[in-house]
Amino acid sequence: MAGDWAVELHGVRKRYGRGRTAVHALRGIDLTLRHGSYTAVMGPSGSGKSTFLQCAAGLDRPTAGAVRLGGTEITGMKENKLTALRRTRIGFVFQAFNLLPSLTVEQNVVLPMRLAGHRPDRRRAAEVLARVGLADQARRRPGQLSGGQQQRVAIARALVTRPDVVFADEPTGALDTTTASEILTLLRRSVDTQGATVVMVTHDPAAAAWADRVLFLADGEIIDHLDRDAGTHHLHGAPPARSHVDRIAARMTSLTTAPTCAGAAA
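Residue numbers (our numbering): 62 to 327.
Have a look at this one:
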């Protein structure tokens, strides 16, 4: 049923330019992701993974095909309505955190509410800050926090509106291994305990292993996937099994070393 899907892409194509110099970043993506799922997207440089995220999140419009978020068709939506939808029904977590340095932690978290024209819900902000382990940091500013703490604020901001889906673009790329594991644990728990839906683009097999399913892109197409099996289930925040990380790394190595078609874009 349509209501089961948090994200739907049907025949999504994205082309930059025209004629012989055209770059085909996406070549017909068909994908449905359930509510409460955690999906990682991987691929070599130029595979189309960043374009995939931008089109799926409504940050860019596909050349052809349809995108639905929480059952709502967004492909032909007017920009002002699409902007309003992104502020209330989509959460974003980026590698660079994208926090406003002049605002407090609490003010950064409730910013999507303010931008949507709603009264900030301080109780909800306190709730999500507690869930990411920052209950006592609400009055501090981003510059007073570590990189890992800033990314926790970004996750709290992404979750505060109870969005249909959280899109994470290399969320651990600027973090050390230990801190990255803490952030991935938080994303995993947001799925398992809060019913969040997470779509994460990453180059790191160890990060991708936290997801329920890993999608592999090459030349703008989904060419393979790898599901997490019962033997790699995460218990109480435990990291993924090494064997699962190795399987993902092996798939990525095969993509990287295989011949690719010219014309795809990252």
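Glycine included, each C-beta is placed from N, C-alpha and C at the ideal position.
Beta-carbon within less than 7 Å of residue 193's beta-carbon, same chain only, minus the 5 sequence neighbours each way: which residues are those? Closer than 7 Å at the Cβ level, and outside the excluded window around residue 193, lie 213, 216, 217, 247.
Under the rule that 16 or more other beta-carbon atoms within 10 Å means buried, what is residue 176, buried or exposed? Within 10 angstroms of the beta-carbon of residue 176 lie fewer than 16 other beta-carbons, which makes it exposed.
Span of the alpha helix (DSSP H), counted from its first residue to its last, around residue 174: Unbroken alpha helix (DSSP H) run through residue 174: 172–176.
Would DSSP call residue 107 helix, strand or coil? Residue state, collapsed to three classes: coil.
What do you get for residue 110, buried or exposed, if any count of 16 or more other CB atoms within 10 angstroms of its CB means buried? By the neighbour-count rule (16 or more Cβ atoms within 10 Å), residue 110 is buried.
Beta-carbon separation (whole angstroms), residue 268 vs residue 241, contact threshold 8 Å: Right, the Cβ-Cβ distance comes to about 7 Å (below 8 Å), so this counts as a contact.
Return the first residue and the last residue of the alpha helix (DSSP H) that residue 282 is part of. Counted as a single uninterrupted DSSP element, the stretch harbouring residue 282 is not any alpha helix (DSSP H) but the beta strand (DSSP E) occupying residues 282–288.
With the cut-off set at 9 Å, would you say residue 256 and residue 108 are in Cβ contact? Taking 9 Å as the Cβ cut-off, residue 256 and residue 108 do not qualify as a contacting pair.
With 16 as the cutoff for other CB atoms within 10 Å, does residue 312 come out buried or exposed? Buried, because 16 or more other Cβ atoms sit within 10 Å of the Cβ of residue 312.
So who's on the other strand from residue 75, going by DSSP bridges? In DSSP, residue 75 forms a bridge with 87.
Does residue 305 pass the burial test, meaning 16 or more other C-beta atoms within 10 Å, or should it be called exposed? Residue 305 should be labelled buried.
Could you check which residue in 103, 77, 76 has the C-alpha nearest to that of residue 265? With respect to the C-alpha of residue 265, the residue from 103, 77, 76 having the closest C-alpha is 103.
Residue from 127, 158, 149, 119 whose Cα sits closest to the Cα of residue 140: Put simply, of 127, 158, 149, 119 the residue whose alpha carbon is nearest the alpha carbon of residue 140 is 119.
Answer with buried or exposed for residue 146, where buried requires no fewer than 16 other C-beta atoms within 10 angstroms of its C-beta. It counts as buried.
Report buried or exposed for residue 142, applying the criterion of at least 16 other Cβ atoms within 10 angstroms of its Cβ. Sixteen is the threshold: since fewer than 16 other Cβ atoms of the shown chains lie within 10 Å of the Cβ of residue 142, the residue is exposed.
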